[in-house]
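S.K.:
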Amino acid sequence: MLHSKSFVRTTRGGAVKKVVREHYLRDDIYCGSPSCTVCDTKNARLSSSAPKVLVVDTNVVLNQIDLLENPAIEDVVVLSVVLEEVKNKNLSVYNRLRALCSSSARKFFVFSNEFHKDTYVKAMVGESPNDRNDRAIRVATQWYQNHLGGSTQVLLITNDKENKRKASEEGLSAETVETYVKSLSRPELLDLVVLPTNGDVAMEEAEDLRPSKRQVIYAEHKPMSEITSGLHRGIYHQGKLRINRYNPFEAYVGSESIGDEIVIHGRVNMNRAFDGDVVAVELLPQDQWQDVKSLSIAEDEDEEEEDVHLVPNSADDAPRNTTSDGAGGSTGSVSCRPSGRVVGIIKRNWHSYCGSLEPKPLPAGGGGIAHALFVSKDRRIPKIRIQTRQLGNLLDKRIIVTVHSWDRMSRYPFGHYVRTIGAVGDRDTESEVVLIENDINSGPFSTQVLACLPPLPWTLSPEDLANPNRQDLRHVRVFSVDPPGCKDIDDALHCTALPSGNYEVGVHIADVTNFVHPGTPLDEEAARRGTSVYLVERRIDMLPKPLTEDVCSLKSDVERLAFSVIWEMTSEAEIISTRYTKSVIKSCAAMSYVEAQARMDDSRLVDPLTQDLRNLNTLAKIMRLRRIERGALTLASAEVKFQLDTETHDPLDIGMYQIREANQMIEEFMLAANVSVAEKILKHFPLCSLLRRHPVPTKEMLEPLLRTAAAVGLDLDISSSKALADSLDRAVGDDPYFNKLIRILATRCMTQAVYFCSGDLTPPEFLHYGLAAPLYTHFTSPIRRFADVIVHRLLGAALGICKLPPIFQDRAQLTSITDNLNYRHRNAQMASRASVELHTLIYFKNQPTDTEARILKIRSNGFIVFVPKFGIEGPVFLMKKGETGSEWVVDEAHQRVTKAGSKICFTILQTIRIHLEVVEIQPNRKKLQLTLM
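The sequence shown begins at 0 in numbering that gives the first Met the number 0 and counts up by one.
1) Taking the alpha-carbon of serine 940 as reference, which of Arg137, Met932 and Asn468 has the nearest alpha-carbon?
2) Tell me which residues share the same chain as leucine 774 and place their Cβ nearer than 7 Å to its Cβ, disregarding the 5 neighbours each side in the sequence.
3) Could you tell me whether the Cβ atoms of isoleucine 399 and glutamine 237 are closer together than 8 Å?
4) Which first and last residues belong to the beta strand (DSSP E) in which alanine 371 is found?
5) If we count the other Cβ atoms within 10 Å of its Cβ and call it buried at 16 or more, is asparagine 112 buried or exposed?
6) Only counting the same chain, and skipping five residues up and downstream in sequence, which positions put a Cβ closer than 8 Å to that of arginine 476?
7) If we ignore side chains and look at the alpha-carbon of each, how far apart do alanine 369 and glutamine 386 end up?
8) Nearest by alpha-carbon distance to arginine 527: which of Val593, Gly861, Asn440 and Val75 is it?
9) How many Å lie between aspartate 65 and threonine 157 at the Cα?
10) Within the same chain, show all residues whose beta-carbon is closer than 8 Å to that of arginine 137, passing over the 5 residues directly before and after it, in chain order.
11) Cβ of arginine 668 within 8 Å of Cβ of valine 506?
12) CA-CA distance, valine 267 and valine 374?
13) For glutamine 237, write down the residues that DSSP places opposite it in a beta bridge.
14) Tell me the rounded alpha-carbon separation between alanine 830 and leucine 534.
15) In angstroms with no decimal places, state the Cα-to-Cα distance between glutamate 594 and alanine 827.
16) Alanine 797: buried (16+ other C-beta within 10 angstroms of its C-beta) or exposed?
17) Ignore the nearest five residues each way along the sequence and tell me which others in leucine 923's own chain have a CB closer than 6 Å to its CB.
18) Can you name the start and end residues of the beta strand (DSSP E) that methionine 590 belongs to?
19) My output table needs one value for methionine 568: the three-state DSSP class, helix, strand or coil.
20) Along the chain, where does the beta strand (DSSP E) that runs through threonine 930 open and close?
21) Return helix, strand or coil for arginine 397, following the three-state DSSP convention.
22) Who are the near neighbours of asparagine 616 in its chain, counting only those whose CB is closer than 8 Å to its CB and skipping five residues on each side?
23) Could you round the C-beta distance between asparagine 392 and aspartate 274 to whole angstroms and report it? I think they count as a contact, below 8 Å.
24) How would you label histidine 115, buried or exposed, when you count the other beta carbons within 10 angstroms and need 16 or more for buried?
25) Rounded to whole angstroms, what is the Cα-Cα separation between lysine 856 and phenylalanine 869?
26) Return the chain-ordered list of same chain residues with a C-beta closer than 6 Å to the C-beta of glutamate 304, the five sequence neighbours on each side being excluded.
27) Between serine 404 and the rest of its own chain, which residues show a CB-CB distance below 6 Å, the 5 nearest in sequence each way excluded?
28) Answer with buried or exposed for valine 731, where buried requires no fewer than 16 other C-beta atoms within 10 angstroms of its C-beta.
29) Could you name the residues of the same chain whose beta carbon sits closer than 8 Å to that of aspartate 286, not counting the 5 residues immediately before and after it, in chain order?
30) Comparing C-alpha positions only, which one of Gly339, Asn62, Tyr119 and Glu68 sits nearest to arginine 97?
31) Would DSSP call glycine 148 helix, strand or coil?
32) Applying the criterion that 16 or more other CB atoms from any shown protein chain within 10 Å of the CB defines a buried residue, is asparagine 513 buried or exposed?
33) Here's the rule I'm using: 16 or more other beta-carbon atoms within 10 Å means buried, otherwise exposed. How should tyrosine 143 be labelled?
34) Have a look at aspartate 39 and tyrosine 29 and give me their C-alpha separation to the nearest angstrom.
35) For a minimum of 3 consecutive residues, which ranges assigned as the beta strand (DSSP E) are wholly contained in the stretch 702-758?
36) If you run the structure through DSSP and keep just helix, strand and coil, what is histidine 937?
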């Protein structure tokens, strides 16, 4: 059956054009019930003996997705009209709903009511789209009721008063979310129910928590029409709100329209915006702008009191394009920061938050609704008010809470309980919190994904050896060098001396794309995960372990498939020729960095493998020196290494990670392989190559480094990466650790390296500043990074080995993939750091320690220090909490703080003695406290 509708539209040229759209209606769309006697039940998703089938409306899906995801809610029909409406209103909820509908473990069925001849409805004259969609939902519910007969009750779930009333008048069974959940006799599910508002049916047990004299705390958000107009006229400024992780009452909004960061002071000026929200900001009068001289370290505050202190910015929180890290240069002049207030929310960043409930007495009698304040582990998130029937069970637990509204007359946002993670302080619980906070999927791989794996145990087949595109390199002396205990070995090398005096050097990378094919469930899951995540005590894999640790891993003494980049190099590491080939290798040794270094250092060893290592190391040193001469930066970071108990996984020891020549040798050849592959794929695919860039840092970003350098008598040249690299090399003194501290500070001023699609930018923007490389990509770690999988496919297509998947023709989809890769890569980094912080707390919990620290930043009430022995950074206070006065005098220009009337003085990079101890100043928020000795 064909239904047509026509309308006219005006073209750009001014002509009027009639548009006719055809809508095909069918009568063979099935209901999804396996007990149906009319429909084909082959693809049925509902239960065979379901007493009730639920039809949910759009608002129920949008507001109650946490409830729908609970396994207690089953046999749900999702209408196509609802699916489309949810997609248009909230893409995140839409993706969660699609996951429910596609999961083989859940009984959710999508019914295409908009294409069934008996359920499609035309809009009536004067009927709004919302009313038409509600009518379509009721018509489809009626069809299900007639279609399934009396054997199954069909129940419309809606919180919309008018929709529920009309459903009842039409003879349909309709209930509110709360009424239905109560009928399940599962009281704990009521905590998942979001309180309806406005025109929705009132929740029976809802209690108004606000004062009877309703007081307006926050300004009303401007409507989008006014925001759009204000942005266009330059009255408002748009940007993403970033709240300082050390002070929840200070935030920054990066604004392109004024070319600076706008500081937002206090929750009232933040006006109910959350960290990550895209907001519209209005500048305050200039006499209210913040003076940078007032910068101090914020202590743990009771968030009931907005006792606003400004705090130093961490590497991640440091505002860009600003000189907020102290005075504006060595002159000691004081500058003001543009300050503003949020007038509207353009895009919300609400998601699930991990934390615990604020301790409070249990209500008398128990069992009823209790009101509680949820405190997120992330200090940037305000307390969230929830209602729960499980207060007694939740007070000592880490739980997940979701925000659903924030009234302008309420100090705190409203949310609801989602689920319990575990006991507060338990290591496994706190590790799970790290994963949830960083949106990392640590769940098992689905049966569909595992079905894509090759039969195990996997061995090389005759077809692999007969493949003309794959070279047999099993006779070559290939070996790998990795961290100790590494099981997912993606890379191996060989170095063969040639009669000419040159060397053949090969980098062999696990051929992951031989097993991960485009468009398969395995490929799609890897694309979603983006990267493997390395925590202190475990690894969260991007691909299933049979692939990462066996089939693809380049273990010693077994034949494996690889993708190889092979150069002929002179003894001066000049590349004469490069070739790329799929290959078969058989590694002769899988060494750790320590083992490889020991071999190279032991003059008694002259075996071929050791000689290969020494030759590679000689070439790597030349390559590294040449790279540095081009302007590559040698930066430093505080990488921490833990020694764990093999049974409990608790940390036994902690220290800085040691970098050896062997590490640098491997790094050099991996960099070279990545550069060679970048050149190859870009030559063949100039518009759709996946590359990696490192944007040039602005002078404003490097200002904190320049200020610190000037304070200790250094003159850093930042005119180019080469100039900065040379300046850092000259930054030496009597203190052997001084240069590393300067390099750590330089690292923190850098931009983040990112993936991008070559067609989205111009060639000058391709530059990788830190490596001084005009072109760069990631090719060498496909076992743990999906970016490398994409690059392997590009290289295979460039060599004519395989066809380029269709996705590479879709620029928008490619850009979406790179955005996800950057998001996942960043989250993996944050999770790794959070895991280090967690295990640091565990280590110091029962062993307070005295040690040396270096002052990194001077503040009016203390300083930020770095502890070299443990790789820890934190604040040291010169005054006790609540103390005021000018006992300590700060010299912004020379970066020092002096005690009035004495010779006691602390300067930047000075060595001090501190005491480290774990304390719990606020309930369920342990922290490592650093105290000056």
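Ideal placement from N, C-alpha and C gives every residue a C-beta, glycine not left out.
The model shown is predicted, which means the values in this text are computed figures rather than measured ones.
M.R.: This is what the structure holds:
1) Limits of the chain in this structure are 0 at one end and 932 at the other, which puts residue 940 out of reach.
2) Same-chain partners within the cutoff: Val674, Ala677, Glu678, Leu681, Leu690 and Phe765.
3) no
4) 369-375
5) buried
6) His493, Thr495, Cys587, Pro607, Leu608 and Asp611
7) 6 Å
8) The shortest CA-to-CA distance from arginine 527 to any of Val593, Gly861, Asn440 and Val75 is the one to Asn440.
9) 16 Å
10) Leu155, Asn162, Lys165, Ala166, Glu169 and Leu171
11) Checking the sequence, you will find phenylalanine at residue 668 rather than arginine. The answer is yes: Cβ separation under 8 Å.
12) Cα to Cα, valine 267 sits roughly 19 Å from valine 374.
13) Ala279
14) 7 Å
15) Each residue's alpha carbon lies about 28 Å from the other.
16) buried
17) Here residue 923 turns out to be asparagine, not leucine, going by the sequence shown. Contacts found: Ser355 and Val423.
18) 574-591
19) strand
20) 924-931
21) Here arginine 397 carries a strand assignment [DSSP, helix/strand/coil].
22) Met599, Glu660, Ala661 and Met664.
23) That belief does not hold up - the Cβ atoms of asparagine 392 and aspartate 274 are roughly 29 Å apart, past 8 Å.
24) buried
25) 18 Å
26) Summary for glutamate 304: the model assigns pLDDT 40, below 50, so the residue's position carries little reliability; its value from the coordinates is reported in the next sentence. There are no such residues.
27) Phe413
28) exposed
29) none
30) Glu68
31) coil
32) Label assigned to asparagine 513: buried.
33) buried
34) 7 Å
35) 753-756
36) Residue 937 lies beyond the residue range present for the chain, which begins at 0 and ends at 932; the question has no answer from this structure.
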